[in-house]
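Colleague: For reference, the structure I am asking about is given below.
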Amino acid sequence: TPQGAQGASGGGSAAVKTTLAKDKVLNLLQVGGGQQVMLEARIAEVSRSSMKGLGVSSMNNMGKLPVPRTDLKGDLQFNNYAATAPGLAGTPNAGLSTNGSDGALDLLMGGALPQAFGTFGILYKGLNLQLTALEEKGLAKVLAEPNLVSLSGQEANFLVGGEFPYPVPTGLGQFGIEFKEFGVGLKFTPTVLNSHKINLKLGAEVSSLDYSRGTSIGGTAVPGVATRRTATTVEVADGQSFAIAGLLQNNMNNAINQLPGLGTLPVLGALFRSTDYQREESELVIIVTPRLVKPMPAGQLKSPTDNFIPPSDFDQFFMGRLEGEREPPKAKDETAPEAKASTPATQGGGVDGKYGHQL
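Heads up: the sequence shown begins at 1331 in our numbering, then just goes up one per residue.
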């Protein structure tokens, strides 16, 4: 009886029972050449934001001058105070006095606030009335294209960014320091199934520090981290692209602050309320493209510094150039091989014949 099989016979008929040894599997996979995979990942995001605000605010200081403000600048005043009229603290004309009609008119344009704004204020015997109008638009774009090469079945990872420290409580009012990574990261494990099909187990991430989402620990400001991350397993053909993740987000906030009763009046109610409107739209997509590659002859690969020419003293100090002047390009030689970033493994690589487990 052969190894891994059992036989039985009896009478005039024969019955044969065969069982295969599960731990003895013949793998007929034949691999020609090394299997190396280059993964091109593209992470693209566009976000748009718009914000509008219109409102009126008033304050009565019981006959006193306005409460000092430090977030405004630019001042045009008309007043007839007997004493020095400080206007608004922090303005160029604060502390000056001029003759004019009873009351003061302030035109405030531009300031230390993080957005453009216009505020018109009027002061009459301690009554401070301000009209504020604001409109802001923003556009942000994020594009990262990390590339990474690995052998079939081996994990590879890639990070361009850094680590930032943040305090961590250790007990008894003490704090320790830990580090968290941020930046553009890529991690994947390729498995070549045949000459045209690649299995990918991958994770891609783009993160950046965001102090608007941070907090304070022990009196130290700790930033938050805005992250775009995906982790998945897919099968892709050699040279084909796959959109593995995407996100379309639309946020809208609308708030109204008003004086009870007076803010609901038609037309005149606009003088007693403030309206804020904010809208944010973002679109994110992550695309991966695997390629079977092999090494190239030395001298055919180009680097970003190949065309850089250091400037001479004359170019830098007299001509204001950051790079030296390049020579005119030479005529292209049709017989010379063109340098490419990678060469598909069409020869000397791939999988030949049947593959997998034969049971």
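C-beta atoms are modelled at their ideal positions from N, C-alpha and C, and glycine is treated no differently.
My parser needs the beta strand (DSSP E) runs of 3 or more residues fully inside the segment 1465-1491; what are they?
Modeller: 1477-1481
Colleague: In three-state terms, what does DSSP make of residue 1648?
Modeller: Locating residue 1648 in the sequence shown gives position 318, where the first residue counts as 1. Helix.
Colleague: Can you give me the C-alpha to C-alpha distance between residue 1559 and residue 1373, rounded to a whole angstrom?
Modeller: The residue given as residue 1559 occupies position 229 in the sequence shown. The residue given as residue 1373 occupies position 43 in the sequence shown. Straight-line Cα distance between these residues: approximately 10 Å.
Colleague: Where do the N-terminal and C-terminal ends of the beta strand (DSSP E) with residue 1639 fall, by residue?
Modeller: Within the sequence shown, residue 1639 is the residue found at index 309, counting from 1. Residue 1639: not part of any beta strand (DSSP E); DSSP gives it neither H nor E.
Colleague: I'd like the span of the beta strand (DSSP E) that includes residue 1531, first residue to last.
Modeller: As a position in the sequence shown, residue 1531 is number 201, starting the count at 1. Taken as a continuous stretch (DSSP letters only), the beta strand (DSSP E) holding residue 1531 covers 1527-1547.
Colleague: Do you know whose CA, among 1626, 1376 and 1592, lies nearest residue 1611's CA?
Modeller: In the sequence shown, counting from the first residue as 1, residue 1611 sits at position 281. Residue 1376 is the option with its Cα nearest to residue 1611.
Colleague: Could you tell me whether the segment 1554-1569 touches the segment 1526-1542, where touching means 3 or more Cβ pairs closer than 8 Å?
Modeller: yes
Colleague: So, for residue 1637: in the same chain, excluding its five sequence neighbours on each side, which residues have a beta-carbon less than 8 Å away from its beta-carbon?
Modeller: Mapped onto the sequence shown, residue 1637 falls at position 307. Here the set comprises 1656.
Colleague: Tell me whether residue 1568 is buried or exposed, calling it buried when 16 or more other Cβ atoms sit within 10 Å of its Cβ.
Modeller: Counting from 1 along the sequence shown, the entry for residue 1568 is found at position 238. Flag for residue 1568 reads buried.
Colleague: What is the C-beta distance between residue 1580 and residue 1607, in whole angstroms, given that I count them as a contact (C-beta under 8 Å)?
Modeller: As a first step, residue 1580 must be located in the sequence shown, where it is residue number 250. As a first step, residue 1607 must be located in the sequence shown, where it is residue number 277. That belief does not hold up - the Cβ atoms of residue 1580 and residue 1607 are roughly 14 Å apart, past 8 Å.
Colleague: For the 8 Å Cβ check, are there 3 or more pairs between the segment 1645-1655 and the segment 1617-1630?
Modeller: Contact between the segment 1645-1655 and the segment 1617-1630 is absent, because fewer than three Cβ pairs lie under 8 Å.
Colleague: Should the segment 1510-1517 be called in touch with the segment 1489-1497, which here means at least 3 C-beta pairs below 8 Å?
Modeller: yes
Colleague: Taking the C-alpha atoms as reference points, what is the distance between residue 1531 and residue 1565?
Modeller: Taking the first residue of the sequence shown as 1, we reach residue 1531 at position 201. Taking the first residue of the sequence shown as 1, we reach residue 1565 at position 235. Looking at the two C-alpha atoms, the distance is approximately 9 Å.
Colleague: Going by DSSP in three states, residue 1523 sits in which element: helix, strand or coil?
Modeller: Your numbering for residue 1523 matches position 193 in the sequence shown. Coil, per DSSP.
Colleague: Take residue 1571 and list the residues in its own chain whose beta-carbon comes closer than 8 Å to its own, dropping the five residues that flank it on each side.
Modeller: Position 241 of the sequence shown, counted from the start, is the residue given in the question as residue 1571. These residues qualify, in order along the chain: 1617, 1618 and 1619.
Colleague: Just tell me which of 1593, 1624 and 1379 has its CA closest to the CA of residue 1468.
Modeller: Here residue 1468 corresponds to residue number 138 of the sequence shown, with the count starting at 1. Measuring from the Cα of residue 1468, the nearest candidate turns out to be 1379.
Colleague: State the CB to CB distance for the pair residue 1365 and residue 1542, rounded to an integer number of angstroms; the pair is presumed to be in contact (CB under 8 Å).
Modeller: Taking the first residue of the sequence shown as position 1, residue 1365 is located at position 35. Taking the first residue of the sequence shown as position 1, residue 1542 is located at position 212. That belief does not hold up - the Cβ atoms of residue 1365 and residue 1542 are roughly 46 Å apart, past 8 Å.
Colleague: Can you check which of these residues, 1371, 1562 and 1504, is closest to residue 1475 by C-alpha distance?
Modeller: Working through the sequence shown from its first residue, we reach residue 1475 at position 145. Nearest of 1371, 1562 and 1504 to residue 1475, Cα basis: 1371.
Colleague: Is residue 1628 helix, strand or coil when you go by DSSP?
Modeller: Here residue 1628 is taken as the residue at index 298 of the sequence shown, counted from 1. DSSP places residue 1628 in coil when its eight states are reduced to three.
Colleague: Considering only the beta carbon of each residue, do residue 1490 and residue 1367 sit closer than 8 Å?
Modeller: By 1-based counting over the sequence shown, the position of residue 1490 is 160. By 1-based counting over the sequence shown, the position of residue 1367 is 37. No. Outside cutoff.
Colleague: Among 1631, 1623, 1627 and 1643, which one has its Cα closest to the Cα of residue 1525?
Modeller: On the sequence shown, position 195 is the one that residue 1525 refers to. When C-alpha distances from residue 1525 are compared across 1631, 1623, 1627 and 1643, the shortest belongs to 1623.
Colleague: For residue 1507, list the residues DSSP reports as bridge partners.
Modeller: Taking the first residue of the sequence shown as position 1, residue 1507 is located at position 177. In the DSSP output, where bridge partners are listed per residue, residue 1507 has 1497.
Colleague: In the DSSP assignment, find the beta strand (DSSP E) that holds residue 1572 and state where it starts and stops.
Modeller: What you label residue 1572 is simply residue 242 of the sequence shown in a count that begins at 1. Per DSSP, residue 1572 belongs to the beta strand (DSSP E) from 1572-1588.
Colleague: Restricting to Cα atoms, I'd like to know which of 1473, 1550, 1603 and 1523 is closest to residue 1514.
Modeller: Against the sequence shown, residue 1514 aligns to sequence position 184. Nearest C-alpha to residue 1514: 1473.
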